[in-house]
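Notes for the one structure printed next.
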Amino acid sequence: MALIELKNLTKTFVTKTQSVNALKDINLSIEKGDIYGIIGMSGAGKSTLVRCINYLERPTSGSVIIDGRDLSTMSQKDLRQLRQQVSMIFQHFNLLQQRDVRGNIAFAMEIACMKKADIDRRIDELLDIVSLTERQHNYPSQLSGGQQQRVAIARALSTNPKIILCDEATSALDPQTTQQILSLLKDINQRMGITIVIITHEMSVVESICSHVAIIDEGHLAESGPVEAIFSQPKTDAAKRLIFRNVQKTDKLIGDRMVRIVFDGQQADEPVIAELISQCHIMVNIQFADTRNVGGKAFGQMILQLPEDHLQQDKAIYFLKEMGLKVEEVSGHAL
Amino acid sequence: MPFDKMVPLMIGGVRDTLYMTLVSTLFAYLLGFPLAILLVLTSPKGLKPIPVLYRIMDAIVNIFRSIPFLILLIMVIPLTRFIAGKAYGSTATIVPLVIAAAPYVARMIESSLLEVDPGVIEMAQSAGASIPTIVFKVLIPEAKTSLIVGATISTGTILGYSAMSGAVGGGGLGQIAISYGYNRYQTSVMLVTVVLLVILMQIFQITGMTISRKTDKRTRE
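Line by line, the protein sequences give chains A and B.
Residue numbers for the first sequence follow the numbering used here, beginning at 6 and rising by one.
Residue numbers for the second sequence follow the numbering used here, beginning at 676 and rising by one.
Below, the structure written as C-alpha cells:
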C-alpha cells in the first residue's frame with residue numbers, strides 16, 4: 006500500500022467567465038521513504054496538486070488516500086489532525102514575522118497541543134538538526150533566506166510528520182543555499198524515513214535528490230517513475246521538453262548523418278567518446294551534449310556528427326551500441 | 676477670565692475629554708474588533724466565506740460611516756436618553772461616540788488584518804490550525820504593529836469627535852470652547868482649549884507610535 010495515493014484526481018477552478026482545468030485525471034502512487042519530485046513548467050498545475058495532497062485545495066473529483074485513509078471522507082477536525090502528520094514548507098518560507106526562531110518552531114507544536122516543557126525540549130533538538138542554535142532568539146527579518154527555510158524545516162519536522170510537502174522550497178534561494186537545503190532534506194529523508202514530495206520547476210532539484218519524478222504538463226500527468234528511467238528514456242513530448250530542453254538551441258545543426266546517444270546511468274565513468282576515437286580511429290563531431298550526474302550515474306544525451314564514410318558510420322554506431330548506449334539516428338531538421 | 680478660574684475649568688475639561696475619548700475608544704473596540712474579524716473571515720476571499728452575512732455587515736458599516744457625526748449625534752438622541760438617562764453631558768456623549776467610532780474602528784482593524792501575508796495563513800492551515808487558532812495566533816499577533824497604529828489614529832479621531840459633541844451639549848474641552856469662546860466671545864478661552872486638544876493629540880500620537888515601533892520585530896537591528 007502506497008503512503009500517498011492519488012486516484013483520478015481532477016481539479017477545476019470555476020470563475021464567472023470560465024472554468025479552468027488545473028488538474029486532469031492524475032493517478033500517482035508515492036511510497037513511504039520516497040523523495041518524489043513533481044516537476045512542470047509554471048502554470049502546469051503542480052502547486053494545485055500539492056495542495057490537494059493535504060486538502061488545502063479540495064479536488065473536484067477523484068480521491069487522495071494517505072496511509073489508507075480517503076481524505077474526502079474525513080471531517081474538518083480529522084483533516085486538521087492529519088495535517089499535523091503532513092507538514093509543508095513554502096517558496097517564501099512563510100514564517101511568523103513577529104515571532105523569533107524558537108517561537109516559529111513552536112507554532113506547529115502549539116497547534117498540536119503539546120506541553121510547554123516538551124515543546125522546549127523538542128525545539129532544542131530541532132535547532133541542532135537544522136544548525137540554528139546560535140540564531141534561536143533572532144527574528145525572521147534578521148535571517149538569510151536559507152536560514153529562514155531551515156526554520157521552516159524545523160517547524161515542519163516538529164510534529165514528527167510522515168510526509169513533508171515542499172512547494173518550490175528552493176526557488177527563492179541561490180544555487181549554493183539550494184544545495185544546502187536539499188542535502189538537509191535528503192538527510193532528513195534518510196535518517197528519519199520521512200517521505201518528501203518536492204514541487205519544483207528546476208530540473209537540477211530533481212536530479213540532486215529525488216528518487217522518483219512525475220512530470221506534469223498542462224494539468225496532465227505526462228510521465229512518472231524512477232528518476233533514472235524517466236531521465237534516460239523520456240517518452241512524452243512534455244518530458245522531452247523538460248529533460249532535453251536545451252536541444253532547441255542547436256537548430257543551426259546541419260549535417261550528413263547524425264546519431265543521438267542516450268546515457269542511462271550505466272556508463273558513468275567510461276570515457277565512451279574517447280574510446281570510440283582511440284580504438285576505432287573514427288572521428289566524430291559532438292554537435293550537442295547535455296549530460297548530468299545523477300547520484301553518481303550519467304544521464305543525458307549527446308548528438309554526434311558521424312564521418313562521411315558509410316562503413317565508418319556503421320562501425321561507430323555498432324561500437325556505441327556495444328558499449329550499451331542507446332543509439333538513434335536523427336536528422337538535423339528533426340531536432 | 677482670570678487665571679485662577681481658568682485652571683480648574685480646564686482641568687475639568689481635560690478630564691471630561693479624556694474620559695469620553697478613552698471610554699468611547701474602549702467600547703468602540705469591543706464592538707469593532709469582533710465585527711472586523713467577522714468581516715475578514717466571511718469575505719469572499721476569507722477563511723469562511725459567507726457572502727450574504729459579509730455584504731450585510733459591509734453595508735451597515737458603510738451606512739454608519741457615511742452619516743456626518745454632528746447629524747448622528749442628533750439622530751441618536753432618543754437612544755442616548757434610553758441608555759444614559761439623559762442626552763447631554765460627558766457620559767451621555769459616549770453613546771453617539773461609540774456608534775460613530777465602532778464602524779470606523781472596524782474598518783481600521785479589518786484593513787490591518789488584511790495586511791497579514793496570505794502565505795503565513797496558508798502555513799497555519801497546512802499545520803492543521805483551526806480558524807480560531809489562526810485568528811488568535813496568526814492574524815492578530817502578525818497584525819499587531821498595524822493594529823496599534825490603527826488604534827492611535829482611531830483614538831485621535833474619537834478625540835476630535837468628542838470635541839465636536841460640545842456643540843450639542845457634550846462635555847469636555849469642546850463644550851468649553853463653544854460656550855465660552857463662541858457664545859461669550861472669550862477668544863482666549865477657546866485658544867487655550869485648542870492648545871490643550873493639540874497637546875492631547877500629540878500625546879496619543881507619540882505614545883501609540885512609540886509602542887508600535889518598540890513592539891515590531893520586522894525591522895532589522
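Here a beta-carbon is modelled for each residue, glycine too, at the ideal position from N, C-alpha and C.
Because the structure is a prediction, the values reported are computed rather than measured.
{"query": "By alpha-carbon positions, which one of A/311, A/302, A/246 ends up nearest to residue 282 of chain A?", "result": "A/311"}
{"query": "Counting only runs that start and end within the segment 761–810 of chain B, where is the alpha helix (DSSP H) found for 4 or more residues in a row?", "result": "765–789, 793–801"}
{"query": "Is the beta carbon of residue 376 of chain A sitting closer than 8 Å to the one on residue 89 of chain A?", "result": "With chain A covering 6 to 340 only, the question about residue 376 of chain A has no answer from this structure."}
{"query": "So, for residue 328 of chain A: in the same chain, excluding its five sequence neighbours on each side, which residues have a beta-carbon less than 6 Å away from its beta-carbon?", "result": "277"}
{"query": "Identify the continuous alpha helix (DSSP H) that holds residue 196 of chain A and give its terminal residues.", "result": "180–197"}
{"query": "Specify, as a first and last residue, the run of the beta strand (DSSP E) that residue 310 of chain A falls within.", "result": "302–310"}
{"query": "Along the chain, where does the beta strand (DSSP E) containing residue 227 of chain A start, and where does it finish?", "result": "225–231"}
{"query": "Compute the Euclidean distance between the alpha carbons of residue 134 of chain A and residue 198 of chain A, then round it to the nearest angstrom.", "result": "15 Å"}
{"query": "Rounded to whole angstroms, how far is the Cβ of residue 14 of chain A from the Cβ of residue 28 of chain A, which I believe are closer than 8 Å?", "result": "6 Å"}
{"query": "How big is the Cα-Cα spacing for residue 11 of chain A and residue 158 of chain A?", "result": "25 Å"}
{"query": "With DSSP collapsed to three states, give me the class of residue 843 of chain B.", "result": "helix"}
{"query": "The beta strand (DSSP E) that contains residue 16 of chain A, what's its start and end?", "result": "9–19"}
{"query": "Can you name, in chain order, every residue of its own chain whose Cβ lies under 7 Å from the Cβ of residue 335 of chain A, other than the five neighbours on each side?", "result": "263, 264, 265, 308"}
{"query": "For residue 144 of chain A, count neighbouring C-beta atoms within 10 Å of its own C-beta (all shown protein chains included) and say buried if the count is 16 or more, exposed if not.", "result": "buried"}
{"query": "When you compare only the Cα positions, how much space is there between residue 903 of chain B and residue 299 of chain A?", "result": "Because chain B spans 676 through 896 in this model, residue 903 of chain B falls outside it and cannot be assessed."}
{"query": "Just how far apart, CA to CA, sit residue 868 of chain B and residue 829 of chain B?", "result": "21 Å"}
{"query": "Since residue 150 of chain A is in the alpha helix (DSSP H), which residue starts that stretch and which ends it?", "result": "150–162"}
{"query": "With a threshold of 8 Å between beta carbons, is residue 800 of chain B in contact with chain A?", "result": "yes"}
{"query": "Using a Cβ cut-off of 8 Å, which residues of the segment 105–126 of chain A contact any Cβ in chain B, in chain order?", "result": "105, 112, 113, 115, 116, 117"}
{"query": "Does residue 616 of chain B have its Cβ less than 8 Å from a Cβ in chain A?", "result": "The question about residue 616 of chain B has no answer, for chain B in this structure spans 676 to 896."}
{"query": "Are the beta-carbon atoms belonging to residue 111 of chain A and residue 124 of chain A less than 8 Å from one another?", "result": "yes"}
{"query": "Based on DSSP bridge pairs, tell me the residues matched to residue 268 of chain A.", "result": "A/305"}
{"query": "Just the chain B side, please: which residues come within less than 7 Å of residue 102 of chain A by C-beta, in chain order?", "result": "817, 892, 893"}
{"query": "Our contact map puts residue 847 of chain B next to residue 786 of chain B with C-beta atoms below 8 Å; I'd like the distance itself, whole angstroms only.", "result": "Their Cβ separation, rounded to whole angstroms, is 29 Å, which puts residue 847 of chain B and residue 786 of chain B out of contact at 8 Å."}
{"query": "Got a sec? Which residues, its chain only, sit under 7 Å from residue 288 of chain A by beta carbon, not counting five neighbours each side?", "result": "282, 312"}
{"query": "Contact check, residue 784 of chain B vs residue 852 of chain B under 8 Å by CB: the rounded distance?", "result": "So it is not a contact: roughly 31 Å between Cβ atoms."}
{"query": "Does the distance from the CB of residue 206 of chain A to the CB of residue 794 of chain B come in under 8 Å?", "result": "no"}
{"query": "For residue 797 of chain B, would you say it is in contact with chain A, using Cβ-to-Cβ distances shorter than 8 Å as the test?", "result": "yes"}
{"query": "Take every Cβ of the segment 879–893 of chain B, pair it with every Cβ of the segment 812–826 of chain B, and state whether three or more of those distances are shorter than 8 Å.", "result": "yes"}
{"query": "If we require 4 or more residues per run, which alpha helix (DSSP H) segments fall completely within the segment 722–768 of chain B?", "result": "726–741, 744–750, 752–759"}
{"query": "Pull up the CB-CB distance for residue 285 of chain A and residue 40 of chain A, whole angstroms please, since I reckon it's below 8 Å.", "result": "Wrong, their Cβ atoms sit about 41 Å apart, outside the cutoff."}
{"query": "At what residues does the beta strand (DSSP E) containing residue 93 of chain A begin and finish?", "result": "91–95"}
{"query": "Among A/166, A/184, A/167, whose alpha-carbon lies nearest the alpha-carbon of residue 174 of chain A?", "result": "A/184"}
{"query": "Could you tell me the boundaries of the beta strand (DSSP E) in which residue 334 of chain A lies?", "result": "331–335"}
{"query": "Counting only beta-carbon atoms, is residue 144 of chain A nearer than 8 Å to chain B?", "result": "yes"}
{"query": "Residue 69 of chain A: which of A/118, A/34, A/92, A/130 sits nearest, CA to CA?", "result": "A/34"}
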